[in-house]
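Worksheet for the structure shown next.
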Amino acid sequence: MEQFKLFNDREHLSLPQHLMDYVPDFFDKKSSDLYLKIFVLSIPWQQTKVVMYEKEVLTPRLSAWFGDRPMVKGDKRPPIAWTEELWEIKTKVENHTGMSFNGVLLNYYRNEKDSVAWHSDKDTVPGMATEIASVSFGQARNFDFRNKLDHRQQYSLELQNGSLLLMKGDLQRYWEHRVAKSTKPMNARINLTFRKILH
Numbered sequence: 001m002e003q004f005k006l007f008n009d010r011e012h013l014s015l016p017q018h019l020m021d022y023v024p025d026f027f028d029k030k031s032s033d034l035y036l037k038i039f040v041l042s043i044p045w046q047q048t049k050v051v052m053y054e055k056e057v058l059t060p061r062l063s064a065w066f067g068d069r070p071m072v073k074g075d076k077r078p079p080i081a082w083t084e085e086l087w088e089i090k091t092k093v094e095n096h097t098g099m100s101f102n103g104v105l106l107n108y109y110r111n112e113k114d115s116v117a118w119h120s121d122k123d124t125v126p127g128m129a130t131e132i133a134s135v136s137f138g139q140a141r142n143f144d145f146r147n148k149l150d151h152r153q154q155y156s157l158e159l160q161n162g163s164l165l166l167m168k169g170d171l172q173r174y175w176e177h178r179v180a181k182s183t184k185p186m187n188a189r190i191n192l193t194f195r196k197i198l199h
């Protein structure tokens, strides 16, 4: 299947701007490299288990949830309190977007073998738009999108070190996204997705 770049020849987003905004140098390289180092060493990373084809398997990445309330409704585990660095990033993201977030999911992609499969985020109540701010530190990785009803509509955006991607509107309703495994060697990447949990 042919995959299209998320930007056209004039460096404008091919998908409608009401669905996403991308800022490649939201954090400078020095700050980005420092945040990556701090998070790799200090975050209490966990590798969760999921059931696929009636078999329990480990997710191919490490994760951690910080915020004001549990990520999943009914989860009895308290969220981890904001760290100074996460609060700094959250404040800058909120000042730029004009939005407020009460939680952040961190995903640690250790190398080219780590990934996340096709999915859409469902952190809101049905019928309401989901706004998620995604910040990336470390290795640039391709972030793929495809239309849920027509998989021929597929785009790819390389998320750079220090970049901010704001996903908004009905993007989660009509589009899926993923970070695929790579055949090329990859260094560490940490992605932060700031969310507003409404349950």
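Under UniProt numbering, think of the first position of the sequence shown as 1, with each following residue one higher.
From the three backbone atoms N, C-alpha and C, an ideal C-beta is built for every residue, glycine too.
In this text the structure is predicted, and so the values were computed from the model without any measurement.
Item, Value
"When the Cβ atoms of the segment 113-120 are set against those of the segment 81-93, are three or more pairs found closer than 8 Å?", "no"
"Quick check: Ile-89 and Leu-192, are their CB atoms within less than 9 Å of each other?", "yes"
"Helix, strand or coil: which one does DSSP assign to Asn-142?", "strand"
"Starting from residue 230, follow the beta strand (DSSP E) in both directions and report where the run begins and ends.", "Since the displayed the chain opens at 1 and closes at 199, residue 230 lies outside it and no answer follows."
"Rounded to whole angstroms, what is the Cα-Cα separation between Lys-196 and Ser-182?", "31 Å"
"How is the beta strand (DSSP E) around Lys-92 delimited, first residue to last?", "Element bounds for Lys-92: not the beta strand (DSSP E) but the alpha helix (DSSP H), 84-97."
"Could you give the residue range of the beta strand (DSSP E) that holds Gln-154?", "154-159"
"Can you find the residues in the same chain that come closer than 8 Å, C-beta to C-beta, to Ala-180, ignoring five residues on each side of it along the sequence?", "Ser-115, Asn-142 and Asp-144"
"Excluding the 5 residues flanking Gly-138 on each side, which residues of the same chain have their C-beta closer than 7 Å to its C-beta?", "Leu-36, Asn-161, Asn-187, Ala-188, Arg-189 and Ile-190"
"Ignore the nearest five residues each way along the sequence and tell me which others in His-18's own chain have a CB closer than 6 Å to its CB.", "Gly-169"
"Could you name the residues of the same chain whose beta carbon sits closer than 7 Å to that of Val-125, not counting the 5 residues immediately before and after it, in chain order?", "Note that Val-125 scores 45 on pLDDT, short of 50, meaning its location in the model is unreliable; the coordinates nonetheless yield the value given after this. Leu-198."
"The beta strand (DSSP E) with Leu-165 in it runs from where to where?", "163-167"
"Of the residues Phe-27, Leu-106 and Arg-146, which one's Cα is nearest the Cα of Trp-65?", "Leu-106"
"For Ile-132, write down the residues that DSSP places opposite it in a beta bridge.", "Met-167"
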